[in-house]
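Structure first, commentary second.
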Amino acid sequence: MPDEVAARSAAETVRGFLAEPDDERFDPDAALRHELLSLWADLEQARRYAINRTWSRDCARLVHRISRLTLIVGSPSWEEIDISLLETGIYQAVHEALAVDYEAPDMEQVAAVRKLIGRG
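Next comes the structure, spelled out in C-alpha cells:
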C-alpha cells in the first residue's frame, strides 16, 4: 500500500511538472546549461560526502560529465559556481585542463563573499 501511494504521488508530481510552462523543455541549449550547473552543484555535494571531504570516485565521475558538457555548451560563469569550488581551484583546473575559454573568478570578490557567509 505505501508503495502505491508513493507511485501515485510521483506520477502526480511528474504530471504537475509537465503541465507547467518551462522554456528549458523547448530549448536544448538552456536545458544543457542547466544540467551543467546541476553537475557543478552535485560535485560540491560529492566533495562534502567524500571520506576526506575532498575527493572521491563520484567527484571524478562528475568532473568527467562536467567536462563533456562544458565542451558542448561552454563554461558557466564563475558567479554561478559554489564558492568552495572556486577557492580550491577546482573550477579553474577543470577549464584549464580542457583548454577552453572561461572567465577566471575574481578571487578578491570570492574572499569577500566567504567573509560574509563564514566558513560554513
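Just so we're aligned: 24 in my numbering is position 24 of the sequence shown, and the numbers increase by one with no gaps anywhere.
By construction, the Cβ of each residue, glycine as well, lies at the ideal position given by its N, Cα and C atoms.
For clarity, every value in this text was computed on a predicted model and none was experimentally measured.
Tyr49 lies in the alpha helix (DSSP H); which residues open and close that run? 28-49
Supposed close pair Trp40, Ile81 - CB separation, criterion 8 Å: 5 Å
DSSP on Tyr102, reduced to helix/strand/coil? coil
Can you name the start and end residues of the alpha helix (DSSP H) that Arg53 belongs to? Looking at the DSSP string, Arg53 is not in any alpha helix (DSSP H), and its letter there is neither H nor E.
May I ask you to report which of helix, strand or coil DSSP gives Ser67? helix
In whole angstroms, give me the CA-to-CA distance for Arg61 and Ala46. 10 Å
May I ask you to report which of helix, strand or coil DSSP gives Glu16? It should be noted that the sequence gives Gly, not Glu, for residue 16. Helix.
I need the DSSP call for Ile81, collapsed to helix, strand or coil. coil
Cα-Cα separation, Pro105 to Trp78: 6 Å
Below 8 Å between beta carbons: does that hold for Leu32 and Ile66? no
8 Å contact criterion, which Tyr91 and Leu85 should meet: CB distance rounded: 5 Å
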